[in-house]
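**Student:** First the structure, which I've put down as structure tokens, then a few questions once you've had a look.
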Amino acid sequence: MFSLVQKQALALVLASGLVSASGSSKQASMYEDSIIDSTDLQRNATVKLWAENHLSSPGSARCNENAPSNTITLAPEVCLSGDYYLDHNFQITEQPLCPNGEFPVMVFYHSRGCTGDVKYHSTFDNPPPTTCLWESSPKYWSMVFRCGVWATLQVGADHHVAAVPPKPNSSAQSDVAVSGTVLTYLAPACNGQRVGGRKPITLPVDKCLSTHGYSLRMTKPAVCANGTRALWARFEGSKCNYGEITNTDGLLDIDDKDVGLCKDTGNFATATKKIGSMSFWCDGFGDVKRPDPNAPPEKEEPRPQKGSVSESACGNTAPFFKHPETDTCVNLRTNKLKIYSSGVCQNGTTALWARYSEKNCVGSPASLSSVAEDEMKRCLDVSDTSSFSFWCTGEGLGTAPPATPKTPNKAKSGGMPAFLIVVLSLMGVVLLAFVAFLAFAFRDRLNAMFRRDGAIAL
Numbered sequence: 006m007f008s009l010v011q012k013q014a015l016a017l018v019l020a021s022g023l024v025s026a027s028g029s030s031k032q033a034s035m036y037e038d039s040i041i042d043s044t045d046l047q048r049n050a051t052v053k054l055w056a057e058n059h060l061s062s063p064g065s066a067r068c069n070e071n072a073p074s075n076t077i078t079l080a081p082e083v084c085l086s087g088d089y090y091l092d093h094n095f096q097i098t099e100q101p102l103c104p105n106g107e108f109p110v111m112v113f114y115h116s117r118g119c120t121g122d123v124k125y126h127s128t129f130d131n132p133p134p135t136t137c138l139w140e141s142s143p144k145y146w147s148m149v150f151r152c153g154v155w156a157t158l159q160v161g162a163d164h165h166v167a168a169v170p171p172k173p174n175s176s177a178q179s180d181v182a183v184s185g186t187v188l189t190y191l192a193p194a195c196n197g198q199r200v201g202g203r204k205p206i207t208l209p210v211d212k213c214l215s216t217h218g219y220s221l222r223m224t225k226p227a228v229c230a231n232g233t234r235a236l237w238a239r240f241e242g243s244k245c246n247y248g249e250i251t252n253t254d255g256l257l258d259i260d261d262k263d264v265g266l267c268k269d270t271g272n273f274a275t276a277t278k279k280i281g282s283m284s285f286w287c288d289g290f291g292d293v294k295r296p297d298p299n300a301p302p303e304k305e306e307p308r309p310q311k312g313s314v315s316e317s318a319c320g321n322t323a324p325f326f327k328h329p330e331t332d333t334c335v336n337l338r339t340n341k342l343k344i345y346s347s348g349v350c351q352n353g354t355t356a357l358w359a360r361y362s363e364k365n366c367v368g369s370p371a372s373l374s375s376v377a378e379d380e381m382k383r384c385l386d387v388s389d390t391s392s393f394s395f396w397c398t399g400e401g402l403g404t405a406p407p408a409t410p411k412t413p414n415k416a417k418s419g420g421m422p423a424f425l426i427v428v429l430s431l432m433g434v435v436l437l438a439f440v441a442f443l444a445f446a447f448r449d450r451l452n453a454m455f456r457r458d459g460a461i462a463l
């Protein structure tokens with residue numbers, strides 16, 4: 006409100022011609038016209054909102070009149086709060102008036118609810134701008150036109166309204182949520198080894214992340230499907246408390262200043278318990294079923310396991326392993342076998358070792374026994390065994406394979422390898438060639454040994 010001294014000062018300014026710029030003269034004339042002694046002249050402000058930006062970046066629509074916009078009628082003393090970035094997508098197209106006809110003071114905050122530090126306020130000499138606003142702002146902001154005394158010292162408002170801009174036309178800004186990224190550290194103060202590797206952890210919205218360490222950085226905040234920035238949900242346990250937030254400070258806004266800032270997870274602000282997990286919170290986890298603490302423990306279902314054997318482990322070469330399924334036939338190629346594990350059946354019992362005298366496990370097993378622990382520590386003689394199986398039910402075993410043309414039986418390898426025979430043959434040829442070379446090189450001496458006084462000794 007303006008005092009009599011202010012009114013006189015304005016008249017002197019206008020009379021002296023100090024307000025010469027057209028824009029300033031127009032705004033000053035608006036103030037001059039409003040200085041009347043009426044108590045029933047309240048007028049609401051008209052505010053236009055253009056499409057939002059999900060991330061803070063310069064240069065957007067710049068209040069394009071041809072672009073979609075929403076119009077808000079804002080009465081004095083009503084707080085308008087936004088949850089998106091302002092970047093030349095906000096304009097006051099009609100100034101408000103207080104009930105006594107005077108211009109109110111516009112107050113702008115970098116937080117919602119018209120609380121916190123005042124970042125901008127209009128004055129008598131600097132009325133609210135009518136140009137395209139703002140150069141930049143944080144994601145969370147609010148504004149109010151105050152008519153009371155000491156407008157900048159007032160906190161909050163009795164009435165609130167949300168700033169809802171039109172949805173953007175850009176395909177990059179759709180109704181699909183955008184994941185955030187997090188870096189977690191073992192030590193406090195974001196020092197030392199990271200948890201989860203060098204790259205940031207990509208965390209979709211409404212998904213749980215166990216933090217493990219004692220500090221973290223949110224390198225990119227997540228964006229909900231409706232375009233608003235996700236909240237930071239913090240939980241004591243490692244499983245996000247099944248989606249239930251129990252601490253008063255468990256759900257926080259993620260301000261611009263929080264992005265990239267080291268966050269201590271050693272304890273909550275109002276509790277001494279460690280933050281064990283977090284989430285980028287939009288709609289919550291839905292209907293999550295909690296385990297019944299009084300329910301008996303569920304019986305763990307056994308899982309079948311393959312066996313583990315090696316025929317080459319008993320030689321001087323590197324071992325090659327086979328991992329046969331239970332009730333599966335394995336044909337032997339050597340006389341030695343080392344068993345590391347006989348496998349586990351579907352019911353959780355250890356499979357038996359079935360030995361067959363014929364290939365392909367034809368007929369009944371010649372022996373069926375468990376593999377003792379001491380037998381797994383040494384190579385076993387299987388010279389009388391042609392095939393074997395790790396037996397659970399025997400289903401599918403003992404059936405003869407389709408008839409095939411008979412070929413001469415070959416003895417199971419255990420004699421001299423073929424490559425060794427070839428090597429010995431080559432060595433024999435080389436030796437014969439060496440003897441022939443010696444006979445040719447020393448033929449004169451050999452002739453002299455068998456010669457006597459010009460005649461050959463017979």
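Counted the way my numbering counts, the sequence shown spans residues 6 to 463.
We treat Cβ as the ideally placed atom computed from N, Cα and C, and that holds for glycine.
On a predicted model such as this, the values are computed, not experimentally measured, just so you know.
(1) Evaluate Pro-170 with the Cβ neighbour count: other Cβ atoms within 10 Å of its Cβ, from every protein chain shown; 16 or more gives buried, anything less gives exposed.
(2) Classify Ala-444 as buried or exposed, calling it buried when 16 or more other Cβ atoms lie within 10 Å of its own Cβ.
(3) In terms of DSSP beta bridges, what is Gly-185 paired with?
(4) For Lys-343, name the three-state secondary structure that DSSP assigns.
(5) Can you tell me where the beta strand (DSSP E) holding Ala-238 begins and where it ends?
(6) Assign Tyr-219 to one of three DSSP states: helix, strand, or coil.
(7) Helix, strand or coil for Tyr-89, going by three-state DSSP, please let me know.
(8) With a 10 Å radius around its C-beta and 16 neighbouring C-beta atoms as the bar for buried, classify Arg-151 as buried or exposed.
(9) For Gly-185 and Ala-227, which I take to be in contact (beta-carbon distance under 8 Å), what is that distance rounded to the nearest angstrom?
(10) Quick one: Cα of His-115 to Cα of Tyr-89, how far?
(11) Report the rounded CA-to-CA distance for Gly-106 versus Arg-67, giving the unit in angstroms.
(12) Tell me whether Gly-348 is buried or exposed, calling it buried when 16 or more other Cβ atoms sit within 10 Å of its Cβ.
(13) Would the segment 47-56 count as touching the segment 93-106 if we require 3 or more Cβ pairs under 8 Å?
(14) Just checking, does the segment 331-340 make contact with the segment 393-401 on the three C-beta pairs under 8 Å criterion?
(15) The beta strand (DSSP E) spanning Glu-99 covers which residue range?
(16) In angstroms, rounded to a whole number, what distance separates the CA positions of Gly-218 and Ala-182?
(17) Please classify Pro-307 as buried or exposed, where buried requires at least 16 neighbouring CB atoms within 10 angstroms.
(18) From Lys-212 to Thr-224, what does the alpha carbon distance come to, in whole angstroms?
(19) When you compare the segment 148-164 with the segment 108-126, are there three or more beta-carbon pairs, one atom per stretch, that lie closer than 8 Å?
(20) Applying the 10 Å Cβ sphere with the 16-neighbour rule, what's the burial state of Trp-396?
(21) Return the CA-CA distance between Arg-295 and Leu-256, expressed in angstroms with no decimal places.
(22) In chain order, what residues of the same chain lie with their CB nearer than 7 Å to the CB of Lys-311, ignoring the 5 residues before and after it?
(23) Taking the beta carbon of Glu-316 as the centre, do at least 16 other beta carbons fall within 10 Å, making it buried, or is it exposed?
**Tutor:** Reading off the structure:
(1) buried
(2) exposed
(3) Leu-208
(4) strand
(5) Its beta strand (DSSP E) spans residues 236-240.
(6) coil
(7) Note: Tyr-89 maps to coil in three-state DSSP.
(8) Counting other Cβ atoms within 10 Å of its Cβ, Arg-151 reaches 16 or more and is therefore classed as buried.
(9) Confirmed, about 3 Å.
(10) 11 Å
(11) 31 Å
(12) buried
(13) yes
(14) yes
(15) Where Glu-99 is concerned, the enclosing beta strand (DSSP E) stretches over 95-99.
(16) 27 Å
(17) exposed
(18) Looking at the two C-alpha atoms, the distance is approximately 17 Å.
(19) With a cut-off of 8 Å, the segment 108-126 and the segment 148-164 count as touching, because enough Cβ pairs lie within range.
(20) buried
(21) 21 Å
(22) His-328, Pro-329, Glu-330, Gly-348
(23) buried
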